[in-house]
Structures are given as C-alpha cells and as structure tokens.
Amino acid sequence: MKKIIVSIITFSLLAVSCSDFIEKDERGTQTLENYFQTAQESENYVNELTRRLLITNDWYTILAPRLTNETATDDAWMGNTGQDPAAFRPCAQYIVSSDNMGSMNSIYTAHYYTIQSANIGLEKMAGSPLSDSQKDQYMGESLFVRAYCYYELVNLFGAVPLYTNVLGTADLKLERSPVADVYKQIETDLKDSAAKLENIPVNRQGRVNKWAAYALLARVSLFQEKWAEAKLYSNKVITEGPYALETDFLKIWDVNNHNGVESILEAQSSTVQDKSLGSMLPTFSGARGEDKKNFPSNDAADVIDGWGWCMPTSDLENAYLSENDVIRRRSTITKWGEAAYGDEVLNPTHKFSLNDNKSGRICRKYYIPIATRRALDKKDGHLPLNVPLIRLAEMYLTRAEASYHVGGDALGDINIIRARVKLDPKTGLSGPTLLKQIYKERRLELAFEGLRLYDIRREKDPTTGRPVIESLLGPNGTFVQYNLNSTDPYETTNLREAQDKGINFNPAKHLLWPIPQLEIDLSGGLITQNPNY
C-alpha cells in the first residue's frame, strides 16, 4: 500500500508542503496521518516553521530579499562593487521586472511554502491527542508564523493569494485577494495566536510568545493607518509586557546579550557551528577585504572576510550627524579607518578594501567583535549573532506616531528613545514638524532592521500628502539629488555602483514589487500583475 509519508530520518522538519510529501512504499517511516501524536513531534514541526521564518543561515531565500529591500532605500547601497550584483540590482536600482527580480522572487516562493506547511500543521494538531495547553502553544506559534509570512507578502507585493486551509496540488491556482482581506487575516491570526499563547510561559528564548503577536499587531495596525489600534497594542506591550529598553543601545546587538531585555522577537543563532545554526548576516553585510595586517595583532584569526553587501549611505550618516547622534551613528555605521564602536582596543582602525566597497562604510549592528572571532572554530558564515526583528523601542515609536494622529504624548515617547542615547529632549514640536521628527527617529533608531522600505512607502509627506518615498527618489528626489551633488570622498570615488541611486524610481509602479512571472504563468493567468509592470 502506498502512503504519503514524512521521513523522520531527515526530520528537523525539512519537508512539509503537499507537493513535497512523496508517495513511496512504507518502510518503517512515519505517515502524515499518524504524525502529531506527541508533543515532541509537534514541537519539531513548529521549530522548523519558525526556523524558516527567523533563522538567517539560508541566505538567498529570506536574508537576501530582506537586505535587497534595504538597498532600495536611502539607507543602503548594494555596496559590494567587486562582484556581480545580479541578486540586488533589479530592485536596488529600480529596473525590476516580473522576469528579472533578482533575489526578490525567492521570498514569495519561500513564504507560500511556509504558509502551506503552517496550514497542514494547524489542521493536524487541531485533531491530535495533544492536551489543550500543548495545542494552544504549538498552534499559537504556527498562527504567528503564518501571519508574519502574509505581513511580508502584502507589504512587498500588495494583493496576494490568501488561503488558510490545506490545499492539494490541483487546488493551488488561486486569484489574488484584496490587501484589506489579507490584513484582516493577519489580524485574525495574530489575535488568535495571542489568545492561545496567553498562559504559555514568556521566557522561552527563541520562541514566539503572546507579546510578539501583540507587537506585530501594533505594526500592521500602524501600516494600515489604524491609529487607535496601533496605539492600543503598542501601549499594551509597553505597559504590560516584561520588556525594558536596554540602557546601552549597542548592547542590543551584543553577541553576549542574545534575547536581551528589549528583545520581543529575534532570529536565533548558535555557537554550535557544525549544526549550521548560525547567522549569515554578519558575513553577508560584513566588511569585504579585511586583512590581518590591518589589525594590531597581525593575526589571521581576527579576520572575517565579509561579502560586503548592503552598505550604509552617507545620507544616513548625515541624518545622525544632524542630531549630533553619536551613539546611534557609531552603533549603526563604522567608517573605513575608524575604531569599531565597542571594540576599540582590538580593532582601533577598521580597514577593508575600498575598491570593493561603494561607501567606505559598514553596518556596525551586525559586526562580530574580535574576541568572538578568535573563539570560532569556523568562519564560514554560520556566526553567533542573533538578529532582532521586533524590539521594544519600535513600540514607543509606534505609539508616538499613533498618538500624533489620535492624541497623546507623541513627543514624550520619542524623547524616551532619545534619552537612551543621551540626546536632549525635543520640545515645542507640533503639526508637520512633529510628524517629520517621528519619521526621523524611526529611521535613526531602526536602520537596517527591515523597516525602512515599508516606512517610506507608507509614511505620508505632510507637505504633499504623498508617500515619503516619492519625495526621496526619482529624478527630482532629494536623496537622488543629494547623491548627484555629493562630495563624499568614498561614494564619489568608487563609481562601479552608479551614483544616481534611485533615479529610476517610478511612483506609478514602484510602491510595490512585481508578482514573479512564474507565479502568474503557473496560475494560468488567474494571478494578475501589479500596475505598470
């Protein structure tokens, strides 16, 4: 008798979509029909769902698209001028088309793979013999994963196919659902997730909890301009959750402070390098062309030769300088020849190949300190640095923006964030000036944390009423004009990445990325393309 099976030999769990269950003669393996019988089986399954979403060692599927989004903003260049930028260039330079998306099409495919997997798990766990509390835990985490996938999909591509049940291969041709319907499902999943996780212990490092669900609810409410809801949920996390702002901003990205007091959700890493559990991000965005001769030790053990993608712009640096924001600037950006912030003794003049780096700058948030480098058995990309995805500071800034629209102490919230990095409080701001300052604080606080593209697409320029990105990019955009007239000694010297970054932006189409052409073809035309692609 043939059965659809799950191989438990390879079980992390690595294969769960309908198309990946293969028909074989049963040879002592476990069937889908009799899986989910124990808490351990369900935990293994949910661990794999969460891994796909959070752990960043699969660089092309999830990490590259997320960093590509950064390079499509005023915060980051592609950066690596020594290698082919094909994975980044279409979106970074706004020449993207449905059949030339670089790495961006991989996140579309990957998230639907995870959504189908979550749907299978939710259906099977609901009918399993697990206890009610066990079902609540594993189903609550699965609902969050599904919601996060749809959150990214709707912000990247707009209207997307929406389904919450298990579909067979013949049922997978679906039309796009309206954006409002996708957001409604995200909200439903997150509310259900929070309810199911209500009595589950919070201090489980690396696991989704109810506060992550409320925090993501705050974010998606803000993105929809549901100001009252955004204020409600962000305030709930701030006032009722077990979190606090780190006293030291740099400590958020400290390799010895994973899952710290500010962290609500972060992608996990591990020092067990032979398990491939580390993060690719420090390699992916690390300095390209490090050389032992540039370290005081003259020791090759101090070198992690990064790939050099997603490098900070001088425009972002200027934003920090305009506020005299030394702490966040040095915690976010290290310039060539400058001491690595917090690692000044062992790396007093961080140098790398300027021939391979557009901006002469790297992202400090994802830097691996020298002492940690020396303790690593391997430096192949699986590095021990967790990556925050949601943290408490964002909730203060969400509450500030929502309060601006519905009433409340918006200024007080941004001053709490400023006080942490020893900046004087802002006083007397109101109206458009206050709104612009809130936008600016989000940029300075959350740079390289996956939100900038979403923010400038949704934020409204109080002068024009149009998305902020339209004021920044395009032939007359302020960011484009800044670059064309820049005298920055690094950016204007290395022209292997064009200086006119963002000049091709077209507001008639570039507020969303195109739907991958293959998905349209496979749907038989049921899935339609975004406008003007």
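For the sequence shown, full-length UniProt numbering gives the first residue as 1, with consecutive numbering after it.
Backbone N, C-alpha and C fix where the C-beta goes; we use that ideal spot for every residue, glycine too.
Using 10 angstroms around the beta-carbon of residue i, count the other beta-carbons present and answer buried if the total reaches 16, otherwise exposed.
{"i": "LEU451", "result": "buried"}
{"i": "VAL387", "result": "buried"}
{"i": "GLN205", "result": "exposed"}
{"i": "GLU266", "result": "buried"}
{"i": "ILE186", "result": "buried"}
{"i": "ASN324", "result": "exposed"}
{"i": "ALA212", "result": "buried"}
Might you give, ordered along the chain, the residues of its own chain that have their beta carbon closer than 8 Å to the beta carbon of residue i, omitting 5 neighbours on each side?
{"i": "LYS251", "result": "ASN257, GLY260"}
{"i": "ARG443", "result": "ASP75, LEU316, ALA319, ARG452, ASP455"}
{"i": "ILE238", "result": "LEU392, MET395, TYR396, ARG399"}
{"i": "PRO467", "result": "ILE456, ARG457, ARG458, GLU459, LYS460, ASP461, PRO507, LEU511"}
Using DSSP with H/G/I as helix, E/B as strand and the rest coil, what is residue i?
{"i": "HIS350", "result": "strand"}
{"i": "residue 548", "result": "The shown model of the chain, from 1 to 533, leaves out residue 548, and the question about it has no answer."}
{"i": "ASN235", "result": "helix"}
{"i": "GLU41", "result": "helix"}
{"i": "ASN357", "result": "strand"}
{"i": "VAL387", "result": "strand"}
{"i": "ALA280", "result": "It should be noted that the sequence gives Met, not Ala, for residue 280. MET280 falls in the coil class under three-state DSSP."}
{"i": "SER131", "result": "coil"}
{"i": "ASN47", "result": "helix"}
{"i": "ARG27", "result": "At ARG27 the pLDDT is 40, less than 50, meaning the model places this residue with poor confidence; the figure from the coordinates comes in the next sentence. ARG27 falls in the coil class under three-state DSSP."}
{"i": "ALA244", "result": "coil"}
Residue i to residue j, Cα distance in whole Å?
{"i": "PHE21", "j": "THR164", "result": "With a pLDDT of 30 at PHE21, under the threshold of 50, the modelled position of that residue is not reliable, and no figure is offered here."}
{"i": "PHE352", "j": "ASP171", "result": "52 Å"}
{"i": "GLU26", "j": "ASN34", "result": "Residue placement at GLU26 is flagged as unreliable, the pLDDT there being 40, under the threshold of 50; a coordinate-derived value is accordingly withheld."}
{"i": "GLY407", "j": "ASP500", "result": "40 Å"}
{"i": "GLU519", "j": "MET125", "result": "30 Å"}
{"i": "SER471", "j": "ASN69", "result": "18 Å"}
{"i": "GLN481", "j": "ALA287", "result": "27 Å"}
{"i": "ALA228", "j": "ASN506", "result": "32 Å"}
{"i": "GLU175", "j": "LYS184", "result": "17 Å"}
{"i": "LYS226", "j": "TYR108", "result": "26 Å"}
{"i": "ILE4", "j": "LYS135", "result": "Annotation note: pLDDT 30 at ILE4 (below 50); position unreliable, coordinate value reported separately. Their Cα atoms are separated by approximately 24 Å."}
{"i": "ALA419", "j": "GLU198", "result": "32 Å"}
{"i": "ASN357", "j": "GLY79", "result": "5 Å"}
{"i": "ASN105", "j": "GLN517", "result": "9 Å"}
{"i": "PRO312", "j": "TYR113", "result": "32 Å"}
{"i": "TRP513", "j": "LYS293", "result": "43 Å"}
{"i": "ALA72", "j": "SER133", "result": "43 Å"}
Near residue i, which residues of its chain fall below 6 Å by C-beta distance, leaving aside the five closest residues on each side in sequence?
{"i": "ILE115", "result": "ARG146, CYS149"}
{"i": "ALA508", "result": "ASN532"}
{"i": "TYR138", "result": "SER42, VAL46, MET125"}
{"i": "residue 534", "result": "As displayed, the chain neither begins before 1 nor continues past 533, which places residue 534 out of reach and without an answer."}
{"i": "GLY381", "result": "MET280, THR283"}
{"i": "PHE144", "result": "SER193, VAL208, ALA213"}
Ignore the nearest five residues each way along the sequence and tell me which others in residue i's own chain have a CB closer than 7 Å to its CB.
{"i": "TRP59", "result": "MET280, PHE284"}
{"i": "SER142", "result": "VAL46, LEU49, ALA118, GLY121, LEU122"}
{"i": "GLY102", "result": "THR68, ALA86, ALA87, PHE88, ARG89, PRO90, CYS91"}
{"i": "THR478", "result": "SER471, LEU472"}
{"i": "THR492", "result": "SER486, GLN499"}
{"i": "ASN504", "result": "GLN93, TYR94, ILE95"}
Any heavy atom of the ligand ZN closer than 8 Å to the Cβ of residue i?
{"i": "LEU130", "result": "Absent from the structure shown: the ligand ZN. Ligands present: none."}
Just confirm the distance between the C-beta atoms of residue i and residue j, as a whole number of angstroms; I'd bet it's less than 8 Å.
{"i": "SER128", "j": "PHE36", "result": "4 Å"}
{"i": "LYS365", "j": "SER403", "result": "So it is not a contact: roughly 27 Å between Cβ atoms."}
{"i": "VAL160", "j": "VAL154", "result": "6 Å"}
{"i": "TYR233", "j": "ALA218", "result": "4 Å"}
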